[in-house]
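Chains as they are written, first to last, in my numbering: chain A, 9 to 290; chain B, 788 to 1345. For every residue, glycine included, the Cβ atom is placed at its ideal position computed from N, Cα and C. Written out below as structure tokens is the structure these notes cover.
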């Protein structure tokens, strides 16, 4: 009996003395800017959002803070999908949704769990591919400094008169990987100004931020929602693979000066992204 | 060749002997023990219905199901729960997907010691620092998976120790939870110490004293690139329950150190909670008063978790849980970041043959509760401390107010009725998270009349009306139920949002349903429209999307 009481007392003392009271400063500032001469792993953060989602502006601030922290190493894509993204009459009639975004949302079950939520490199963490905004930073920090599995280069040629885009993606694997890898090429539009519902007065007016700047909005897929097959069981000794996509039409509504092309390579079975690249369209 | 032949014949005989002996032993164990359990299957078929906002469901048919199987034999028990989501019914978290056995345990009790390995549910005190439980209506399950020890070294003294991870759908959360709880029942303990005179004095005066305390800590690795987060977060509580004759007084105070999380916006302010209740009861009369203050007491084993996942503690609600459809339309959900409230309840039984009691007596229940925000003086973002708050000061924003009166009366051998009036003030902005939606002020009247036609046959009529000028405005509801006890019931119901500002949303939500019960098996089928809304149980809520279709529920136990 004495041993058991000692056992409980031991647990209690261990627990009490193992508390961590944190003193200021509570935030960390570091410069994780990449060496631009070296090939680095880049990470894709997908922020699933909607203009009727009152907590989404706060999540967008989290994404922006992480972008500031990681610079070019982090690529952010806002996917407007689910019921919060549906257009409504009046101020919220704008339709940010895209077929690709809607399909991603349905496949990964994100808005079904509730927005804001997202994915980091579509990596499964604690058996869930869906990661809440408060978990984005820790998930990114786990993978962002790993050696890159591939290098990617995007070359865009854009004809403003015809509103036609040709894009070429050159990929070279740097590590030996197993399985089928696919290449997906998407187009984003940055800084669309339109109303957004909001519940956080630190971010903007409540309940509606009239001139909200919607960042990194997914507009569509250039080579289909799930992309094209790239290679199977790649190795570093493989030759670089170049994929070209021609005559993609830019929608008249989109601001061509704010459009970005992003391309990523992912495992066709696990969906995990091994490398991502971004380049301004023009 | 002979040797091989010999061996090949000997092995099966040997195995047969072993198997027979094992089988006998198993039969012995099984004969001495008992197996019991229960199961439930909910199946829903969905029709898309744009008029009520019910989106098309790709699978068309969804199913939630589970079965508990428990074996007990003397001091030993073991059990498991098999769960199946094909896929989860709408409104439940889509991470409940597929099949599995998320709950399994073995437990042994001897000489005041109970030892459990595997999954378990447990509660320390009122749950302010630790409570794991399951509420299937909410899709809520924060079961622990680890080790629990309960020990009663003396009569009146209970010590509990727990350690493990929490359930996260079909996986475990990333944090480790560990805790201890001690409780002393003073009168029982004094009996052990042979303080006979004192015990007699306390017992003669019907004095009850129970004291308790808990400490719970969680560990989660800090990998956040922006915040410097505490990896070990501790919370403690102290509680007392005092009773003297017909009076009872209970209270618990809890405190938690810095615990920045997704729910509190990553502030480092410590959290605290206070819960007190006083009651008086005598035959035919009871009166109770309770109050609570909660300040930044969300406590989860994953700081990034939201919704109903991975809660370590439970923050009780102190408002009445309404059971009728329209009075339950605006249920209160506990605000873990801060709320202060109180409740009073009077229950009075008017005796038979009294002026108001009539021939059969009458029950009266009056309840009032109010919850406001706590006082908050915001601090600059750069401090990461969120705000300061005066402990007993009530904040200006009203979250919830509920005054209700219910009268239950039997008029004759054939007729009985329940009449209710409810006044609700409900902050939709805060409770449902729809900024700009404002307050809803509603008056609800309910009549629930049962007429006994003949033995085992009765018919029940419910008439409900919600009058409000806010949100979706007024509703009316009518329900007629025919029951043939103990096996059958047939119900038709219509909810009509007759005053909605959008005339296209003035919709009849009709439902027809029937149920059949045989022994421990129950089948029920319903068809109709379900409006969107939220349901809350004990202050914990989940969204329910609009749906139109057929649902089947089967429950059974053995």
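Determine the burial state of residue i: buried for a count of at least 16 other Cβ atoms within 10 Å of its Cβ, exposed for fewer.
| i | result |
| --- | --- |
| residue 224/A | buried |
| residue 801/B | The pLDDT assigned to residue 801/B is 41, lower than 50, so where the model puts this residue is not dependable; a value taken from the coordinates is nonetheless given after this. The residue is exposed, with fewer than 16 neighbouring Cβ atoms inside 10 Å. |
| residue 1012/B | buried |
| residue 59/A | buried |
| residue 62/A | buried |
| residue 1045/B | buried |
| residue 1271/B | exposed |
What in chain B is Cβ-close to residue i, meaning under 7 Å?
| i | result |
| --- | --- |
| residue 120/A | 881 |
| residue 221/A | Result: empty, since nearest Cβ-Cβ is about 19 Å, beyond 7 Å. |
For residue i, which of helix, strand or coil comes out of DSSP?
| i | result |
| --- | --- |
| residue 267/A | strand |
| residue 1275/B | strand |
| residue 1328/B | strand |
| residue 1293/B | coil |
| residue 1193/B | strand |
| residue 100/A | helix |
| residue 846/B | coil |
| residue 262/A | coil |
| residue 330/A | For chain A, the structure presents residues 9 to 290; residue 330/A sits outside this window and is missing. |
| residue 915/B | coil |
| residue 46/A | coil |
| residue 1168/B | helix |
| residue 1087/B | strand |
| residue 837/B | coil |
| residue 995/B | strand |
| residue 1268/B | strand |
What distance in whole Å lies between the Cβ atoms of residue j and residue i, which are believed to be in contact at a cut-off of 8 Å?
| i | j | result |
| --- | --- | --- |
| residue 160/A | residue 285/A | 4 Å |
| residue 1060/B | residue 1080/B | 7 Å |
| residue 86/A | residue 55/A | 5 Å |
| residue 230/A | residue 256/A | 5 Å |
| residue 124/A | residue 64/A | 5 Å |
| residue 933/B | residue 952/B | 7 Å |
| residue 1251/B | residue 1112/B | 6 Å |
| residue 867/B | residue 890/B | 6 Å |
For the ligand SAH, is there a heavy atom less than 6 Å away from the beta-carbon of residue i?
| i | result |
| --- | --- |
| residue 859/B | In the structure on display, the ligand SAH does not appear, and there are no ligands present to speak of. |
Say whether chain B places a C-beta atom closer than 7 Å to the C-beta of residue i.
| i | result |
| --- | --- |
| residue 295/A | Only positions 9 to 290 of chain A appear in the structure, and residue 295/A is not among them; the question remains open. |
| residue 174/A | no |
| residue 143/A | yes |
| residue 73/A | yes |
| residue 155/A | no |
| residue 140/A | yes |
| residue 252/A | no |
| residue 96/A | no |
| residue 264/A | no |
| residue 79/A | no |
| residue 207/A | yes |
Is the Cβ of residue i closer than 7 Å to any Cβ of chain A?
| i | result |
| --- | --- |
| residue 1010/B | yes |
| residue 1103/B | no |
| residue 1237/B | no |
| residue 1049/B | yes |
| residue 1021/B | yes |
| residue 961/B | yes |
| residue 1014/B | yes |
| residue 1135/B | no |
| residue 1091/B | yes |
| residue 1125/B | no |
| residue 1171/B | yes |
| residue 1222/B | yes |
Output, in chain order, the set of chain A residues within a Cβ distance shorter than 9 Å of residue i.
| i | result |
| --- | --- |
| residue 958/B | 134, 135 and 136 |
| residue 916/B | Residues of chain A passing the Cβ test: none, with the nearest at roughly 11 Å. |
| residue 955/B | 134, 135 and 136 |
If the cut is a Cβ gap below 7 Å, which residues of chain A does residue i touch?
| i | result |
| --- | --- |
| residue 903/B | Those within 7 Å of residue 903/B in chain A number zero; the least Cβ separation is about 15 Å. |
| residue 1044/B | 27 and 29 |
| residue 1055/B | 30 and 34 |
Cβ closer than 8 Å: which chain A residues qualify as neighbours of residue i?
| i | result |
| --- | --- |
| residue 1094/B | 121 and 122 |
| residue 1018/B | 28 |
Please list the partners that residue i has in chain B, where partner means a Cβ-to-Cβ separation under 9 Å.
| i | result |
| --- | --- |
| residue 210/A | 1052 and 1168 |
| residue 65/A | Within chain B, no residue comes near residue 65/A; the closest Cβ sits about 11 Å away, beyond 9 Å. |
| residue 57/A | Residues of chain B passing the Cβ test: none, with the nearest at roughly 15 Å. |
| residue 215/A | 1216, 1221, 1222, 1223 and 1224 |
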